[in-house]
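So in my numbering, spot 274 of the sequence shown is number 593, and the numbers just go up one at a time.
Taking it in order: structure first as structure tokens, then the write-up.
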Amino acid sequence: MFGDTHSTTTIFGVKVIVGAKVLHLRLPAVPRLMYSDPAESDADLIFVTADADAVAFHLHTAVLLAASDNAFNHLLAVPHPGPWRDGRPLLPVSDDAAVFTLVVCAVYALPYAAYAPAFATLDAAVDAMRTYGLRVPALAAPGTPLFALLLAHAPQHPLALYALAAHHALDALAVAASAHLLAFPLAAVGDDDAARIGPVYLKRLFFMHLGRAEALRRLLLPPLRPHAPTGACGAPEQLPLVRAWALGASALAWDSRGGACPAVDACPMLTPLDLPPAAIRAALGPLGAHIDCAECVRGLENRIDVVTRQWAGTKVCVLLPRVDDADSVQRTI
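Put into structure tokens, the structure is as follows:
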């Protein structure tokens, strides 16, 4: 499994030297990984990764059993028949070195961020943690290093992060990730993503969009209230502005992207709803450009002020299942 000649490779940007028996890690910029040091006298197991470098991790049975609920994916449940090296069982794992390193970091409470893992590596590592029986909800609880590291990827990978959180029932992480999905068209959720998210969290994502869409319509669709008639501007003169508001508000309420996607035009629940208040003002403000009546212009500006202020204060509501999943309650984020 290990060659006689030395070669080098890189894991998370760290140069490693693969020798005849074991892999020694030289880590000048990150914490020294004592668990992979063959000189560690009390390490009684050797795990070898599945990638081409066959990286060896020298670990401790007692530590793994304490951290795992399934004897580390049942690898430690029965005596190991072989092979052995240096008096220690040699156990192959199906993960590559980058993923298994993060698993070991979770077991030994070592920092993850020092390795700057890509999101795909993190995603696979969290799945592997669950496979090895680690307590993922505790490891990724709010305030933990893993939670912070995962959440840092939300701007670039919002749907994938939401799917990861949903798959592992990491509720706080799912809520935090959903705040980055307001602009995500739900028509773009693929079959694989939907299957990984699961029905409960997929419903919550849809209801988040539906609830915000309804809130926007409640603000925009009521007609513009005309002012009291004056000698120069009565009800007939105000009617064009009232109609213009109805058209402009409807366009915003039912298509906040301005018709950018026919699929979105056909189904309002698929409209992204991160519409900034400034965009509402930019869309509706010009309605008064050709109005001569100062009262009409003032009424329009006041209405726009009210709408933008209330929209800026609108919270996102998501559905949370009860313990028995028989009903749901709302949480505001």
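In this text, a Cβ means the ideal position worked out from N, Cα and C, and glycines have one as well.
Predicted, not measured: the structure shown is a model, and the values here were computed from it.
(1) Where in the stretch 395 to 439 do unbroken runs of the beta strand (DSSP E), each at least 3 residues long, occur, reported from the N-terminal end onward?
(2) Looking only at DSSP bridge pairs, what is Ala653 linked to?
(3) For His393, which three-state DSSP category applies?
(4) Flag this pair as yes or no: are the beta carbons of Ser497 and Leu535 separated by less than 8 Å?
(5) Among residues of its own chain, excluding the 5 on either side of Leu410, which ones have a beta-carbon nearer than 6 Å to its beta-carbon?
(6) Which of the three DSSP states, helix, strand or coil, is assigned to Ile365?
(7) Relative to the C-alpha of Leu571, which candidate in Pro596, Glu556 and Ala386 has its C-alpha closest?
(8) Would you call Thr368 buried or exposed, if buried means 16 or more other Cβ atoms sit within 10 Å of its Cβ?
(9) From this set, Leu558, Leu540 and Pro541, which residue's C-alpha is nearest Pro548's C-alpha?
(10) Using only the alpha-carbon positions, how far apart do Gly578 and Ala479 sit?
(11) By the three-class DSSP mapping on this structure, what secondary structure does His486 have?
(12) DSSP has Ala375 in a bridge; who is on the other side?
(13) Between which residues of its own chain and Arg600 is the CB-CB distance below 7 Å, once the five residues before and five after are set aside?
(14) Please state whether the Cβ-Cβ distance between Phe419 and His476 is less than 8 Å.
(15) Could you tell me the distance, in whole angstroms, from the CA atom of Gly632 to the CA atom of Leu543?
(16) For the alpha helix (DSSP H) holding Ile610, just list the boundary residues, first then last.
(17) Measuring CA to CA, which of Val382, Ala563 and Leu364 is closest to Pro402?
(18) Tell me the DSSP bridge mates of Leu453?
(19) Need the endpoints of the alpha helix (DSSP H) that Gln557 sits in, please.
(20) Could you say which of Asp405, Gly406, Val422 and Arg404 lies nearest to Val412 if we only look at CA atoms?
(21) So does the stretch 450 to 469 actually touch the stretch 497 to 507, counting three or more Cβ pairs closer than 8 Å?
(22) Determine the direct distance from the alpha carbon of Gly618 to that of Val625, and round the result to whole angstroms.
(23) Excluding sequence positions up to five away, which residues of its chain have a Cβ less than 7 Å from the Cβ of Leu500?
(24) Please classify Gly550 as buried or exposed, where buried requires at least 16 other C-beta atoms within 10 Å of its C-beta.
(25) Which residue from Val455, Ala459, Ile610 and Tyr434 puts its Cα closest to that of Cys552?
(26) Do Ala563 and Leu606 have their C-beta atoms closer together than 8 Å?
(27) Beta-carbon separation of Asp370 and Ala443 under 8 Å?
(28) When the Cα of Leu453 is compared with those of Met527, Ala432, Leu470 and Ala428, which residue comes out closest?
(29) Below 7 Å CB to CB, which residues in the same chain sit around Glu614 once its five sequence neighbours on both sides are set aside?
(30) Let me check understanding here. Comparing Cα to Cα, which of Ala385, Val382 and His377 lies closest to Arg404?
(31) Compare the beta carbon distance of Ala495 and Ala473 with 8 Å and say whether it is the shorter of the two.
(32) Do you know how far the Cα of Ala602 is from the Cα of Ala568?
Let's see:
(1) Runs found: 407 to 411.
(2) Nothing can be reported for residue 653: it is not among the residues displayed for the chain, which extend from 320 to 652.
(3) Three-state DSSP puts His393 in a helix.
(4) By the CB criterion at 8 Å, Ser497 and Leu535 fall outside the cutoff.
(5) Counting only Cβ-Cβ distances below 6 Å, and skipping sequence neighbours, we find Phe366 and Leu394.
(6) Annotated three-state conformation of Ile365 is strand, per DSSP.
(7) Comparing Cα-Cα distances from Leu571 to each of Pro596, Glu556 and Ala386, the minimum goes to Pro596.
(8) For Thr368, the number of other beta carbons within 10 angstroms of its own is at least 16, and it is reported as buried.
(9) Cα-wise, what sits closest to Pro548 is Leu558.
(10) With a pLDDT of 38 at Gly578, under the threshold of 50, the predicted position of this residue should be treated as unreliable, and no value is reported.
(11) His486 carries a helical assignment under DSSP once its states are collapsed to helix, strand and coil.
(12) Beta-bridge partners of Ala375 (DSSP): Val367.
(13) Excluding positions up to five away in sequence, the list reads Ile623 and Thr627.
(14) No, they are not a contact pair.
(15) Between the alpha carbons of Gly632 and Leu543 lies a distance of about 21 Å.
(16) Per DSSP, Ile610 lies in no alpha helix (DSSP H) and is assigned neither H nor E.
(17) Considering only Val382, Ala563 and Leu364, the residue with the shortest C-alpha distance to Pro402 is Leu364.
(18) Leu453 is bridged to Ser387.
(19) Start and end: Ala554 to Trp573.
(20) Minimum Cα distance to Val412 is reached at Val422.
(21) The stretch 450 to 469 is not in contact with the stretch 497 to 507.
(22) Val625 and Gly618: Cα-Cα distance of roughly 11 Å.
(23) Within the same chain, Leu500 has close Cβ partners Pro477, Leu478, Tyr481 and Leu524.
(24) Counting the other Cβ atoms within 10 Å of the Cβ of Gly550 gives fewer than 16, which makes it exposed.
(25) The option with the nearest alpha carbon to Cys552 is Ile610.
(26) Yes. Within cutoff.
(27) No, the Cβ-Cβ distance between Asp370 and Ala443 is not below 8 Å.
(28) It is Ala428 whose Cα lies nearest to the Cα of Leu453.
(29) Result list for Glu614: His546, Thr549 and Cys552, in chain order.
(30) Arg404 has its Cα closest to that of His377, out of Ala385, Val382 and His377.
(31) In this structure, Ala495 sits near Ala473, with a CB-CB distance shorter than 8 Å.
(32) If I take the Cα positions, the gap works out to 9 Å.
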